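Before any comments, here is the structure.
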Amino acid sequence: MIVDCHAHVFPPLIKNNRSKYASEDPCFAMLYSKGSAKMSTADELIASMDKNGIDKSIIVNIGWTTHDLCLETNDYILESIARFPERLIGFCAVQPLAMEAALLEMERCADAGARGIGELRPDVQYFNLLDEEMTGPFVKMMRHHKLVLMTHTSEPVGHSYPGKGSVTPDLLYPFISNYPDLPVICSHWGGGLPFYALMPEVKKAFKNVYFDTAATSLLYDKQVFQAVTELVGADKILYGSDFPLIEQGKSVKDITSLGLKGEAGILGGNAASLLGIKG
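Counting from 970, one number per residue, gives the positions in the sequence shown under the working numbering.
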């Protein structure tokens, strides 16, 4: 079974009116204001999955700045997982600054079948990930509904690109240390956080932490797969394409070409265990 743990979809209304939404939201503008930035609907994702042999995909939202845009796009994600229950798994967005309204939205999404929250973007959503007064109730709600958190992450060094952001390992590590029982998917290889696993106290904090491979070909040499496998174990790696930015077929071939120990887990088995997915 192949599970793509990181794919983005948008309602046709947003895809066809990107300039309007870019004028309303900084995160969306940063990622999609240019006409060349790829966007996909749920139907287009399903077509890609059929073409490339992807069994299931986790559809994730983005870090909308306003609560209302979280609601609007969550509606589409919930509608999509209801239409394709055997193929799509939903992660919804919240704006933690909305406080009680955000908690109610988490509950609504969980009750409608969402399995996680994300892709969270603390840097462009303007909240402090280490403010326990804010994150405490947020995490409590996630625990109650057994939700998984996916957060965007980025490297503190290297080339710049649209959406890179500033959610770096020095921010992630204290957060996951504060909530060791919360399952967290750190997108884009955790911005390099796995490399700090050579420090025993850091590796100890990875008990419920996973790293997805979204956009690997734009960030790292393929050696990253073997290096992270050796550092934290293949069971901590989740295949993610970042579709439609990266084609699903290409990203799968990049993994299968390496002959990795634990390949089946990376491509789907680890996600199945984390989310209780049945084939």
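Beta carbons are placed, not taken as given, at the ideal position from N, Cα and C, and that holds for glycine. Given the structure is predicted, the values throughout are model-derived calculations rather than measurements.
| Asked | Found |
| --- | --- |
| Could you say which of Leu1057, Ala991, Gln1094 lies nearest to Thr1010 if we only look at CA atoms? | Leu1057 |
| From this set, Val1117, Asp1080, Pro1131, which residue's C-alpha is nearest Phe926's C-alpha? | The chain is shown only over 970 to 1248; residue 926 falls outside these bounds and no answer can be derived. |
| Going by DSSP in three states, Ile914 sits in which element: helix, strand or coil? | A question about residue 914 goes unanswered here, because the residues of the chain that appear run from 970 up to 1248. |
| On the DSSP letters alone, give me the boundaries of the beta strand (DSSP E) that Asp1190 sits inside. | Neither: Asp1190 is in no beta strand (DSSP E) and is coded neither H nor E. |
| With a floor of 4 residues, list each alpha helix (DSSP H) that falls wholly inside the stretch 1146-1189, ordered by position along the chain. | 1169-1173, 1185-1188 |
| Of all the options Met970, Val972, Ser1002, Phe1175, which has the alpha carbon lying nearest to the alpha carbon of Asn985? | Ser1002 |
| Taking Asn1239 as the reference, give the member of Asp1204, Leu1229, Lys1230, Val1221 with the closest Cα. | Asp1204 |
| What do you reckon, are the CB atoms on Leu1214 and Lys1007 nearer than 7 Å? | yes |
| Beta-carbon within less than 6 Å of Val1093's beta-carbon, same chain only, minus the 5 sequence neighbours each way: which residues are those? | Pro995, Cys996, Gly1032 |
| Would Ala1183 and Ser1226 qualify as a contact pair, given that the criterion is a beta-carbon distance under 7 Å? | no |
| Would you list the residues sitting across from Ala976 in a DSSP beta bridge? | Ile1028, Phe1212 |
| So what does DSSP say about Glu1076, is it helix, strand or coil? | helix |
| Pick from Val978, Asp1044, His1036, Asn1097: whose alpha carbon is nearest that of Cys1078? | Asp1044 |
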